[in-house]
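Take 0 as the starting number for the sequence shown in numbering that gives the first Met the number 0 and just add one per residue.
Heads up, the beta-carbon is just placed ideally off N, CA and C, and yes, glycines get one too.
This report concerns only the one structure given below.
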Amino acid sequence: MAEKKQHKIVSASSGKETSAKPAGVAAQQIASSTVGLRIGAVVLWVAALVCEFLALKAILAPEDAPFIPGIPPLYAGIGFLVVDLICVIIGAQLWKKANHIHPASEKNPVTFWLWNNMGVIVCAIAFIPFVVLLLTNKDADKKTKTVGTIVAVVALLIGGFASYDYNPYSQEEQQQILAMEEATSQVYWTAGGKVFHIYEDCQHLNRTEELTLGSTQEAEAAGKERLCKTCFSRHEKEQAAAQIEE
């Protein structure tokens with residue numbers, strides 16, 4: 000068996016010697032913080048609940064809401080519900096974005112669903128109590144109950160559909176993508192031949208002194224037509240072994 004060598008690795012983009020593969024997109028995401036996104040989501044959701052309270056105040060107790068003079072109680076309540084909806088939706092988008100950077104594990108399906116759809120839960124809290132309290136209030140007239148309920152239910156449906164995560168992302172998926180990205184985002188190739196490699200220690204590179212490191216697009220531009228079959232087989236085996244361990 001041929002002795003493995005330390006290769007001189009040259010970057011395809013700069014032509015300079017390099018020592019390691021750069022981090023891919025998934026690795027960069029893991030390194031980024033989601034604190035700001037989650038704080039922003041929580042602040043907006045709190046604002047949404049405040050708007051729900053103000054909407055109830057404006058409609059059911061307008062005498063206790065001197066901050067909205069000159070506006071009919073029903074219209075003022077609808078206005079607060081609209082702001083409520085906006086806060087719910089924007090907060091949910093921030094939360095979903097944070098979840099796609101630092102996702103939850105899907106090992107517990109219930110917790111995974113709840114964490115990914117926190118926006119739906121908040122949306123329900125932001126509108127259902129309003130509907131219940133409005134319909135059970137004895138002093139509100141029929142028109143107010145009908146219009147207020149319709150607006151709140153429509154807002155609930157819009158907010159729920161907008162807040163739901165239709166493509167939830169898990170820690171397990173992120174790790175798989177990270178492994179694949181680490182292997183394939185940057186590849187190795189030699190001056191000769193028609194293949195590129197994802198492993199520097201591939202047996203077919205043992206006799207090569209210098210390797211070029213670059214993207215698959217750069218490899219193809221250099222005349223490398225496909226991935227080395229040995230590298231592909233090794234990667235498949237490693238992925239299968241990782242899934243068994245999980």
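(1) Looking only at its chain, what residues have a beta carbon closer than 7 Å to the beta carbon of Ala22, apart from the 5 residues adjacent to it on each side?
(2) Secondary structure at Lys56, three-state DSSP: helix, strand or coil?
(3) So which of Ala97, Gly39 and Leu84 has the shortest CA-CA distance to Ala54?
(4) Using a Cβ-Cβ cut-off of 6 Å (strictly less than) and excluding sequence neighbours within five positions of Gly277, which residues of its own chain qualify?
(5) How about Lys193 and Gly213: are their beta carbons less than 8 Å apart?
(6) In chain order, which alpha helix (DSSP H) runs of at least 4 residues are fully inside the stretch 147–213?
(7) Just how far apart, CA to CA, sit Asp200 and Ile89?
(8) Can you check DSSP and say which residues form a bridge with Arg225?
(9) Please classify Thr135: is it buried, with 16 or more other beta-carbons within 10 angstroms of its beta-carbon, or exposed?
(10) Report yes if the C-beta distance between Val131 and Leu73 is below 8 Å; otherwise report no.
(11) For Ser13, count neighbouring C-beta atoms within 10 Å of its own C-beta (all shown protein chains included) and say buried if the count is 16 or more, exposed if not.
(12) Suppose the cutoff is 8 Å on Cβ atoms and the five residues either side in sequence are ignored; what does the same chain contact list for Asn97 look like?
A quick look at the data gives this:
(1) Interpretation of Ala22 is limited by its pLDDT of 47, a score under 50 that renders its predicted location unreliable; the figure taken from the coordinates is listed afterwards. Within its own chain, no residue has a Cβ closer than 7 Å to the Cβ of Ala22 once the five positions on either side in sequence are excluded.
(2) DSSP places Lys56 in the helix class (H, G or I) of the three-state scheme.
(3) Minimum Cα distance to Ala54 is reached at Leu84.
(4) Residue numbering for the chain in the displayed model covers 0 to 245; residue 277 lies beyond these limits and cannot be assessed.
(5) Going by C-beta atoms, Lys193 is not nearer than 8 Å to Gly213.
(6) Whole alpha helix (DSSP H) segments, 4+ residues: 170–183.
(7) Ile89 has its alpha-carbon roughly 48 Å from the corresponding atom of Asp200.
(8) According to DSSP, which records beta bridges pairwise, Arg225 is partnered with Val194.
(9) Exposed is the call here.
(10) No, the Cβ-Cβ distance between Val131 and Leu73 is not below 8 Å.
(11) Exposed is the label assigned to Ser13, since fewer than 16 other Cβ atoms lie within 10 Å of its Cβ.
(12) The sequence shown places Ala at residue 97, rather than the Asn named in the question. Excluding positions up to five away in sequence, the list reads Thr33, Leu36, Arg37 and Ala40.
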